[in-house]
Structure formats: C-alpha cells, structure tokens
Amino acid sequence: MQSPTNTISVFFYCTILVVCLSHQSDARDTINTSHPLRDDANESLVSAGGIFELGFFTPGPGGNNRYVGIWYHNMPRRVVWVANRDKPVTDSSGSFAIAEDGNLKVLSNRNAYAITDLKNAGVNSTVKLMDNGNLIFFDGPSLLWQSFNDPTDTFLPGMKMDDKMVLTSWSTSTDPASGDYTFQKYQELYEIQMRSVPYWRSGESGLSIIKNKMPYAVADMLSGFKEGLDESKYPSSGSQNKGKVSFNFTRSSNDNVSGLFMNGTGEIQYYRWSDGEWTFLWSEPKDTCSFYKYCGKFSICDSNRDPECNCLPGYQPVSKVDSNNGDYSVDCEKRKQIRCDNNANQSTFLNLSLTNFRASFQKFDKARNKEECEKECLNNCKCEAYYMSEKDNAKRTGESDVVPSCFIGTGDLENLCRVDGESRVQLNVHVDMDLKTRDCKPCGDIMIPYPLSTGPNCGDPLYSSFDCNDSTDIFYFKTLSRQYRVISINKENRTFGVRNEIANSCYARIFPREIVNQSSPFTVTNRCYERGIEIRWKPSLEPSCNVSGDCRDWPNSSCHARENGMSRCYCDQEYQWDGTSLNCVQGLTARDSRDCKLCGDIMIPYPLSTGPNCGDPLYSSFDCDKSTGIFHFQTLSGNYSVININKANRTFVIEVNSETANSCDARNLSRQIVKLNQSSPFTVTNGCYKRRIEISWKPPLEPSCNVSGDCRDWPNSSCHARANGMSRCYCDQEYQWDGTSLNCVQGTGRSLARWLKDVIIIIAVFAAVLLVCFFSYYLYRRKRMTRRKGSGENSGENPVVWSYESSDRQVSDLMDEENKSGVGVPFCSWESILAATENFSDVHKLGRGGFGPVYKGMFPGGQEIAVKSGKRNTGFYGSAEALNLLGYAWGLWSENKALDLMDPMLLESCEKSEVMKCINVGLLCVQEDPGDRPTMSNVVFMLGGEATVLPVPNQPAFVMRKHVFSTSSSSTKPGSISNELTMSQVEGR
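Going left to right, the sequence shown walks through residues -27 to -1, 1 to 962 as mature numbering (1 follows the signal peptide of the UniProt record, and there is no 0) numbers them.
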C-alpha cells in the first residue's frame, strides 16, 4: 500500500508535466487580427522548430524603452531584427498587431508605429515567424511583406543581398537606433560606409588581379547560394584574421545557426553558434590599413610600420604631418618631376608586394613581356605604375604557354596597402629615388640609408646586419639570437625601430645584450614603445671603395688604403670626414671650436652646453653620463633623457616618466611636467606624444670668447667686450649676427621692414608722451579755473592775494591768459600753515588720505585751508615689507614670479613673453654697476628684437630696508615741530 506522501508526490509531478506540455502546445508562431502580441501579458512567438523567438525586449540593463525584435530561442540572446528600432515604446503598454487598416504596427497608449504601408491589405491577413528567422506577412496565398527584405543589422542564411538591401548598425550596443555604419552591395563587391563615406571595400572594381577579401562561404551566403559563383575570386573559407580559424558552410544544413552582423564599431562579422557559445569566424576591417583610402595618394599603408602611412620613395607629404595626434594620412607628391623618356639614370621602378591598390589601368596588348611593358611606361608621361597579369589574358602562344598581359596605370595611385594574411600582387611603381653608389636598393618601399647594409655590394660592411625578403617586402635586423622586423627608419636621427612582442615592459635598456654585441655599431636607446624597440647606429667611417669611381658621391675624397689595408674614400687634405653629414667638411676639424664633445653617439650642436668650455653659457642646462652615454636635460622639476636633437629646427625631444604625458595635447600639461626657469632660452612646444615632450631653444647671441682665436669658426667677427663687459665674437662693420644660421650676415642685418617697425614704435611712443602731457596740462588748467571760480562765488569778491617771499615759486605760470588783470593765487609759508593748523593739532585733523593725514586750518581773514602731510609720489606703499617698487619687482624676479607685477585682469589677454621682455630690460637698466647697464640703442634693439636671448640682470642699485615709520617720512609727530635733520630712504633711479 502506497503512503499518502508518495501519492501526493506522483500527483504533483504529473501536474507539472501536464502544465509544461500544455504550455508547449500553446506556444504560437502566428498573429492575426483577433490575436495580437501583448507586452503586458509577456507574450511571444516561437517558430515551429523552436529556433527563433519574437517578442518585446529591453536592450541593456536599467532601460525603459521596449522594442519588438527577433532573437534565437533558448540561447544567449542575440537580436537579429528589430521592428521599431527608431520608435521605442516607453512603457509596457505596447502590442504588436495587425491594425484596422490591415497594416502591421507596433501600438501603444501614446502612438502607433507602422511596420508596413500596404494600400490593399486584407482583414484576414496573418503574420508568421519562420524557422529561418523570417517574419512573413501574408493574406492567403499572397505574400504581402517579409522581414528578410527589410533587415536591420543582421543578414541570415536565406536572404539575398541585392543593390537595395542595406544592413545598418545599432547606435550603441544597448541602443538599436540606426547607427553610423552601413553594409551594402557595391557593383560586384561589398562595401561598408560610415555616414555615406566609403569605409571598407571587399576589393577593387575593375582590377581582377586583386582578390576579394571576403571568404567564398560568406560571399556564397550573401548571393543567396546562387549557382555559378566564381570561387577563384575569393580567398578560401579557412582564412581568418590570423589564418588560425577555419570554417565551412553547408548549403543544405539549416541547423547551422549563423549570420552576418554589422556591429556598431564599423566591423562586418560572420558569427556561428559553436560548442555552446557565439564564435566570430571572420571580420573586416582587420586593422587601420584595411580602411578604404586610409593613407593619402602615393602613400602606402603597412600596419607593421611606424608610422603606418609612408610616402613612396621619391615623394614627400603635400602638407605638414600632424605627428602629435598620430595623423600621417596625408597625400604625397613627387619631390621632382621625372623625365618623360627611357632614361634609366633618371628614374627606376620600385617593385612592391601589395594586397591592394587603386588607379586607372589600361591594357597594353603590344607588350609581350615585362621589359616591353616597362618600356611603354617609361615613354608614357602619364604612367605612374604597371603590373603583369595572366588572369586577364586570352592570348596563347601554344596550348600550354600563356602570355601575361600588361596593364599601364595612369593618374593617382590610391589605397596602397599591405595587410598580413591576405594574398599579394606585384605592382611596379615609376619613381625617382636618387640612389648613391653605395646605397642599398629599397626593400619594397623602405629606403635603406647609408651605411646600413644588406650585402657586400652596398652600405658599409660594418653595418651588414640587415636582410630583405623581396617576396613580402619585409626588412629584417639580424642579431646574435634572432632577427627582428624593422618598423621604422629615421635617417636624420640615425635610428630605426624593430618589432618585439615583449617590448611593452621595456622602458630602460633591458635587452641590449640580447639584441647587439659590444663591438656592434648599434646601441639600444631608452625608447621602447608599443611592441617596438628603438636602436641607434653610430656615425660611420669613410665609405669603402675599390676604385676611384666609387667615391664620386663623396666630393673632396679619393680611394686609397691606409694602415689597416682597407680601401676607403678618404678626405683630401684640409678636409675631414663627418660621419653625421656623411661628407668631407673643410677645415682642420669637422667640429666648431665651441661645440661640446659627443655624448655617446649624440652630437651636441651649438649653443647647447654641458659645461663652461663649450656651447653658450646661457644654454648650460645639459649633462652627459659618460658611463652610459645618456644625454640629460636639467630642469627645475628634474633631469630628463634626451632621445632626439634636431639642429635644423632648434628642437630636442625628452622622455618623461609621467603617465599624464600620453594625453598631453597642449603646452599647459607639458609645462606642468617640465618646469623651466622664466628666463630660460628653452620653450616647451605643442609636441607631446607617447611620453615624449618636444622643447625648442631660442636663437643664441654671439658666441662667447676669451681671445680672437675663439672666433675662427665665425667669419667676419672679432672678440671684444661691449657695455655689459662680456666678451663675444661680435660681427664686423657692415655685418650683423644671425642667431638662426649662427653666422655673421652681410648688410645691416635688419631689413627695411624692421627699421620701419622700429621708427613707427619710436614715433608712437613719442606721440603718446606728448598726448599724455597735453591732457595732463589741460586737466590742471581746468582744475585751477574751477577752484578760482568757486572761491569767487563764496566770498562775493576777488580773493585775497597772500604774498610771501619765495624765490622758488613762479606765479606767472598760473596766470590766466584770458584775464589780463591778473589772478589771486594763495601762496602760504610754512609758518602760516603751522599757525593755521596749531602745529598740526589732532583737533584740526580731518582724516587720512592716500598720501597721509589731512588737516584743516584758518588764515586771518577767515580763509580756510586743508593741508595734506604728503608722501613722495615716487614711493611704493603696496607691499607688506614696505619695500620700494623696484625692490618689490626684483624680489618677484628672483622668485620667478615676475608676471605677478601684472594686473590679473590684463594677464590673460597680454603676450606674456613681451611682458617678461619689458621687465627684463627694465631691470637691466637699473643694475647697480653702471657699466652693466645697456645703452639706449641696445634697449631699443632688445625691445624690438623678436628672437634675442636677453642677459640675466644683476641686483638693482637700491637698499632693501623697511620704513621706520608707518606714515610718510615727511610727517612728524603731530603736536610738535622739529627742525632736526631727516633720514631719507635710499632708492634707485
């Protein structure tokens, strides 16, 4: 006999089973006019096979907007279609129904959004969700509408991409609204657009030599599995971003849960449900070089290079490259036009291995081989490149021999790119590279500067640590342990970068022994960045040679052997080899007498100084660590490693430890990181990128000297001292110093425009002074006339003329020219003032003014007076230390706070460098030693100069002391009169 408990349990489980089965049987896949889909009832449609589900959903957590969508049933939600993506329902009152007019709509309490716009829809129509994800709207045998013709961001198997179909991305991952990216068909290709601008294309129209970037399986699905799709035009289905994932698509298997998804970041992705998760098997674009026309015209994009965009050899950027923001995508143009004939000495062809290119190509049938095709391009003035192809050729010389076709490219070369993992084609570009005798031929588009060498016939044998893969255009640097891919070469700085996967942790010289040996001419710098390491090569010796003709590219040299037996292009007498400029320079030494010694392999150009015996003393902010060869820049905030010096631009680059330098786009943040003295000749520029800050130096003054021999490197100059007492190599008469070229240039050195500017400044200052004087005199006269008029009205008679003997007063200066009868001007003696104020008694004290206390008094006859105990109007009373104005200014200058002299309201709108210049010149004019003070001509020159480094002023001629009294020195204790001598404060002029 069963227990009651077991009976209840069996009954309970049977009840649950019945409910579940009844629920499964009640799941519907259709909507009709009498049975809409309601959100508040939590209703949904499930396809007959249980693959797809349709219902209301809210994307992302915390949202209130409700959308009608289709997603995979019983899987992690992936929405494949949204009915009302741009018109969400804001509450749970929504329904998905066939409206009274027969159209399919999303309804709510507030509005209605029509999915269809049918004119003759029947009232007995039905909506059904299919197992392939298609939502069909039909009336009997007639199909009225289907979601496969109106997709959102997902393409499902069973659809067919035509010229009208567009996949539009979501705005964000949690907002189904229409985004910026669209995927659509473009001629026989496929294209992603970003706001109507081409963003990515699967190939190039009209260039069958370039394979379609879309796998055949994806292209087959997009075509609706039509027969006759040429599989040879597509890469195999096994290719993915890195060639590691393979997939196959079986047309007959509908159970493959997969699709093509246009995401909100601009990628078209092929996904599949595999092993219990969503897997992305293919996506484009892979990287920035996959973007359509990412680099400009005649510029090649390689994601393994730094920067990614580089002009072809013989070309240069049309506009300035914004390297601070990492923008190198500018157009390039020829450095010089190539002669239009078959002259091999003037030009050559660069063979590039590319994954994509674009230009206007025309087939040239007369060429039977590559040589004839190249000759045609040389003789065609519009030819920029050519390529050979066997695919487009129908000519045959025999049953098995195929003659390659010649295609001549004219117009601009665009969209040149090299992407890993994609098939490559060979393009021969017509360029003028101007190679020298010992220069190695380029590795693809990478120019290999001398002395770097890829073999015994080029470069310097000591630098033969490189190799080029001609099939892939990859340039390698070979070391003791392995070879590294070269990603950049900077000829001016004698540096190149190599790729290293573990270089993210490299900030100092972590890998020097692994990369180079001690006898190598290569040294690892302090710079490691984004899987790359920077390496510098030392200045080379004279070029090696076999015959005299090998030295034709190095003037003033000849080929002969010396002690070591090796023949080189040694410089002629009175010349010496300069390994930096790769040239024979004139003179007994290749270095100026004031240049500092090398710091490791870093050349230190004048005026930069590492000590008192070289450079300019004003630029002595550098130090060289001889043990490590690291060149330091010393500032108030610390020492920084110098990684690059550009003498031509007068700039150098330092490396900082601060993480905030990565976001440094303007000067403000740079100045917070690197603190410079206000009188420093160095200025932080806008260049702040990847922990690097660019600093420029101002053109220097004439070089300092002790004897005349110190000026031998600066012709037309001689050593002598001037007003400031410092000896410099001043230019001779009719010459003037040019701080930019570091030379004495002929002529006055000041252009007519500069002289006119100075004359205009002088005239303007003179006119301003006259205007101020005239205006002051006018106000003075008006004030005197007002006082006389008021005095006459109060007394009713002419004022009493008080006459006192005073030899230093001139009454005639105060006469009214219009009143020839004279005026009454009261002149008061000291004794009469004392009598009228009762010796400045407190009884007569009215208050305190800006220049001292004010007293009232009365003269005999009833005439009232008011007297101020005056302070000198040349004094300064604004500082708590009671210093004079000059002392206050000197104190701020000594504390690097000279700009505090300015009114804060004016500080934002003024040119701070001009204010500093005026304060500097002013302090120079009041130095204690009169011999140090500049003449007025020097003052005018310093104020008018634009690139003059001013001397640092010495202490002014004043005594820093506090006032003895809090009141003016001319005031004494009220109530007593003293005839004793007074002590005046010593002040500067």
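Yeah, the Cβ is synthetic: ideal placement off N, Cα and C, and Gly gets one too.
Cβ neighbour criterion (16 or more within 10 Å) applied to residue i
| i | result |
| --- | --- |
| Phe739 | exposed |
| Val925 | exposed |
| Tyr360 | buried |
| Val742 | exposed |
| Ile734 | exposed |
| Pro34 | exposed |
| Cys305 | buried |
| residue 963 | It is not possible to answer for residue 963, since the shown part of the chain is limited to -27 through 962. |
| Ile627 | buried |
| Asn617 | buried |
| Glu357 | buried |
| Glu778 | Its pLDDT being 38, under 50, Glu778 is placed unreliably by the model, and nothing is read from it. |
| Pro516 | buried |
| Pro258 | buried |
| His(-5) | Any reading at His(-5) is ruled out, since the residue's pLDDT is 41, under 50, leaving its predicted position unreliable. |
| Arg782 | Caution applies to Arg782, whose pLDDT of 38 falls short of 50 and renders its modelled position unreliable; the value that the coordinates give is listed next. Its Cβ having fewer than 16 others within 10 Å, Arg782 is exposed. |
| Pro676 | buried |
| Asn537 | exposed |
| Val471 | buried |
Beta-carbon proximity of residue i to residue j, cut-off 7 Å
| i | j | result |
| --- | --- | --- |
| Asp705 | Cys692 | no |
| Cys268 | Ser302 | yes |
| Cys557 | Tyr548 | yes |
| Tyr154 | Ser144 | no |
| Lys511 | Pro528 | no |
| Ile421 | Cys413 | yes |
| residue 966 | Thr328 | Nothing can be reported for residue 966: it is not among the residues displayed for the chain, which extend from -27 to 962. |
| Ser175 | Lys186 | yes |
| Gly22 | Leu129 | no |
| Leu140 | Asp126 | yes |
| Ile460 | Asp279 | yes |
| Thr252 | Arg245 | yes |
| Asn93 | Gly131 | no |
| Asn689 | Tyr708 | yes |
| Cys572 | Phe604 | yes |
| Arg331 | Glu177 | yes |
| Ala930 | Glu887 | no |
| Leu102 | Ser20 | yes |
Cross-strand partners of residue i (DSSP beta bridge)
| i | result |
| --- | --- |
| Phe30 | Tyr40 |
| Asp112 | Ser115 |
| Ser231 | Arg245 |
| Glu628 | Ser614 and Arg665 |
| Trp863 | None; Trp863 has no bridge partner. |
| Gln719 | Tyr708 |
| Trp687 | According to DSSP, Trp687 bridges with nothing at all. |
| Met361 | Cys379 |
| Gln335 | Ile381 |
| Leu77 | Ile71 |
| Cys441 | Phe448 |
| Asn283 | Ile273 |
Selected residue, minimal CA-CA separation from residue i, among the options
| i | options | result |
| --- | --- | --- |
| Pro673 | Val745, Phe595, Pro585 and Leu581 | Leu581 |
| Ile892 | Asp412, Ala871, Leu351 and Glu901 | Ala871 |
| Asp112 | Pro124, Gly106 and Ser98 | Ser98 |
| Phe271 | Arg509, Asn388 and Asp815 | Asn388 |
| Pro32 | Tyr163, Val55 and Asn47 | Val55 |
| Lys137 | Ser151, Thr127 and Phe156 | Phe156 |
| Met875 | Asp443, Ala862 and Asp596 | Ala862 |
| Glu507 | Thr496, Phe334 and Asn537 | Thr496 |
| Ala534 | Arg525, Arg623 and Val520 | Val520 |
| Ser530 | Asp551, Arg455 and Gly538 | Asp551 |
| Arg58 | Pro9, Asn401 and Asp123 | Asp123 |
| Gln559 | Ser362, Lys309, Met831 and Asp686 | Asp686 |
| Trp255 | Gln928, Leu880 and Ala192 | Ala192 |
Any non-hydrogen atom of the ligand GDP closer than 6 Å to residue i Cβ
| i | result |
| --- | --- |
| Asn442 | What this structure holds is no ligand at all, so the ligand GDP is not there to describe. |
Contiguous alpha helix (DSSP H) assignments of at least 4 residues, all confined to the segment 131 to 204: Along the segment 131 to 204, the alpha helix (DSSP H) occurs as fully enclosed runs of 4 or more residues at 189 to 195, listed in sequence order.
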